[in-house]
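Student: Input: one structure, supplied below.
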Amino acid sequence: MCGRTACSLGADNLRRACAYRDSRGRRRQPEWIRAERYRPSYNKGPQSSGPVLLSRRHLQQDADSSERVLMDMRWGLVPSWFKKDDPSKMQFNTSNCRSDTMLKKSSYKGALLQGKRCVVLADGFYEWQQQSGGKQPYFIYFPQTKDAVAEEKEGEEEWRGWRLLTMAGIFDCWEPPAGGEMLYTYTIITVDASKDVSFIHHRQVRAEAGGLQGAILDGDEAIRKWLDFAEVPTQEAVKLIQPTENIVFHPVSTFVNSVRNNAPECLAPIELGAKKEVKATPSSKTMLGWLKNSQEGSPQKKENDLPRWTSQFIHSPSPKKTSADILQQWLGKEGQPAAKKRKA
3 MCGRTACSLG ADNLRRACAY RDSRGRRRQP EWIRAERYRP SYNKGPQSSG
53 PVLLSRRHLQ QDADSSERVL MDMRWGLVPS WFKKDDPSKM QFNTSNCRSD
103 TMLKKSSYKG ALLQGKRCVV LADGFYEWQQ QSGGKQPYFI YFPQTKDAVA
153 EEKEGEEEWR GWRLLTMAGI FDCWEPPAGG EMLYTYTIIT VDASKDVSFI
203 HHRQVRAEAG GLQGAILDGD EAIRKWLDFA EVPTQEAVKL IQPTENIVFH
253 PVSTFVNSVR NNAPECLAPI ELGAKKEVKA TPSSKTMLGW LKNSQEGSPQ
303 KKENDLPRWT SQFIHSPSPK KTSADILQQW LGKEGQPAAK KRKA
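Letter by letter, the sequence shown follows residues 3 to 346 in our numbering.
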């Protein structure tokens, strides 16, 4: 299952990182819907809100179905048919949806057949391995390119930085029986874990075009097909839900165990066996400051001072797995252990 994620980009930076090409080949950035509700976090759990991509046609019937929008939704799907006045009264967990039963269970079937498909965005997600002394958390993410933290070039509009993990999801819209604001919620599709991470957890989020674990959609073509419900019918779209080997991971501190902890230390690599209390370091504080300043409206950093990220959606095929060094550079933690790739 996928029970905890991280998404630390500010709203405007997230939009730039999700650049894509529409049906006419034009380079676009998805428009934010209710951007003011989005809050970046290194440690997101179910019932919190998170960013998702969806087709604009869900919100505007005459829109091009290939056009994408960004929306902040609550994690944990509330079916549109739910009759009680409080979503928290649901007696079952809908944060994850098994791919092998999603067309059978009423909680998901209706929304899926209506084309309510979304892409859940994250830096990566956490899984816990059961050990004799307790559970060891791991951070799982896409391999990163060597120039992921390249310096900004004058006039360049593209971002160069961390490649976001893109996971297949289903969303729904619930209206309170007594009336009121509509509640948008989502679930992350899961599949059997890939060989590389199966030792951590039995199931993994669905990975498009090559990966498992929280339904991972690897590349813009898979993302396009999953989102464009008007052109790609359900029976074709679900074929995209396949395990992927295109992921890397590393152990992190049990600091992440508490969802109240929200700092770079949550995803920083650690050396297993080093029983050392995690404390904020000068480098991680600097990174956290940069991330805070990069959010829209910050008086401390102008928009053109921010490093640019190249969109993974327009990018070439997935790079080789050189991600540990990139993450270390990103966090400013040189000398940390490398991300591990489990051998068969």
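Glycine included, C-beta positions come from ideal geometry on N, C-alpha and C.
It should be emphasised that the depicted structure is a prediction, and the values quoted were computed from it without experimental measurement.
Is it right to say Trp77 is buried, meaning 16 or more other beta carbons lie within 10 angstroms of its own, or is it exposed?
Tutor: Here residue 77 refers to the residue found at position 75 of the sequence shown. Flag for Trp77 reads buried.
Student: Where does Asn15 sit, in a helix, a strand or coil, going by DSSP?
Tutor: Taking the sequence shown and counting its residues from 1, one reaches residue 15 at position 13. Three-state DSSP puts Asn15 in a helix.
Student: Can you tell me which of Ala224, Arg59, Ala21 and Trp83 puts its alpha carbon nearest to the alpha carbon of Gly171?
Tutor: Mapped onto the sequence shown, residue 171 falls at position 169. Gly171 has its Cα closest to that of Ala224, out of Ala224, Arg59, Ala21 and Trp83.
Student: One question on the structure: do Leu166 and Ala19 come within less than 8 Å of each other, judged by their Cβ atoms?
Tutor: Within the sequence shown, the letter at position 164 stands for residue 166. Within the sequence shown, the letter at position 17 stands for residue 19. Yes.
Student: Can you give me the start and stop residues for the alpha helix (DSSP H) that Ala224 sits inside?
Tutor: Numbered from its first residue, the sequence shown carries residue 224 at position 222. That run of the alpha helix (DSSP H) goes Asp222 to Leu229.
Student: Do Leu185 and Pro89 have their C-beta atoms closer together than 8 Å?
Tutor: Here residue 185 corresponds to residue number 183 of the sequence shown, with the count starting at 1. Here residue 89 corresponds to residue number 87 of the sequence shown, with the count starting at 1. Yes, the Cβ-Cβ distance between Leu185 and Pro89 is below 8 Å.
Student: Under a three-way DSSP split, which group does Leu61 fall into?
Tutor: The residue labelled residue 61 in the question sits at position 59 within the sequence shown. Looking at Leu61 - three-state DSSP - the assignment turns out to be coil, as it is neither helix nor strand.
Student: Would you tell me roughly how many angstroms separate the C-alpha atoms of Arg30 and Ser67, rounded to the nearest one?
Tutor: Here residue 30 corresponds to residue number 28 of the sequence shown, with the count starting at 1. Here residue 67 corresponds to residue number 65 of the sequence shown, with the count starting at 1. The alpha-carbon atoms of Arg30 and Ser67 are separated by roughly 14 Å.
Student: Please determine, among Phe141, Val254, Glu33 and Val193, the residue with the shortest C-alpha to C-alpha distance to Gln244.
Tutor: Here residue 244 corresponds to residue number 242 of the sequence shown, with the count starting at 1. Checked all of Phe141, Val254, Glu33 and Val193; the closest Cα to Gln244 is Val193.
Student: Are the CB atoms of Leu72 and Leu55 within a distance shorter than 8 Å?
Tutor: Stepping through the sequence shown from its first residue, residue 55 is reached at position 53. Stepping through the sequence shown from its first residue, residue 72 is reached at position 70. Against a cut-off of 8 Å, the Cβ pair of Leu72 and Leu55 comes out as a contact.
Student: Does the Cβ of Thr103 have 16 or more other Cβ atoms within 10 Å, making it buried, or fewer, making it exposed?
Tutor: As a position in the sequence shown, residue 103 is number 101, starting the count at 1. When all chains shown are included, Thr103 counts as exposed.
Student: What residues in its chain sit with their C-beta under 6 Å from that of Leu115, if we drop five residues either side in the sequence?
Tutor: The count along the sequence shown starts at 1 and reaches residue 115 at position 113. Same-chain partners within the cutoff: Thr236.
Student: Report yes or no: do three or more beta-carbon pairs, one from the stretch 175–185 and one from the stretch 125–144, lie closer than 8 Å?
Tutor: As far as the Cβ criterion goes, the stretch 175–185 does not touch the stretch 125–144, which means the pair count is below three.
Student: Among the residues of its own chain, which have a CB less than 7 Å from the CB of Leu11, if the five just before and after it don't count?
Tutor: Sequence index remark: in the sequence shown, residue 11 carries index 9 (1-based). Same-chain partners within the cutoff: Ala19 and Pro42.
Student: Determine the burial state of Lys118: buried for a count of at least 16 other Cβ atoms within 10 Å of its Cβ, exposed for fewer.
Tutor: Your numbering for residue 118 matches position 116 in the sequence shown. Buried is the call here.
Student: Restricting to Cα atoms, I'd like to know which of Pro53, Val199 and Pro32 is closest to Asp125.
Tutor: Position 123 of the sequence shown, counted from the first residue, corresponds to residue 125. The candidate whose alpha carbon is nearest that of Asp125 is Pro53.
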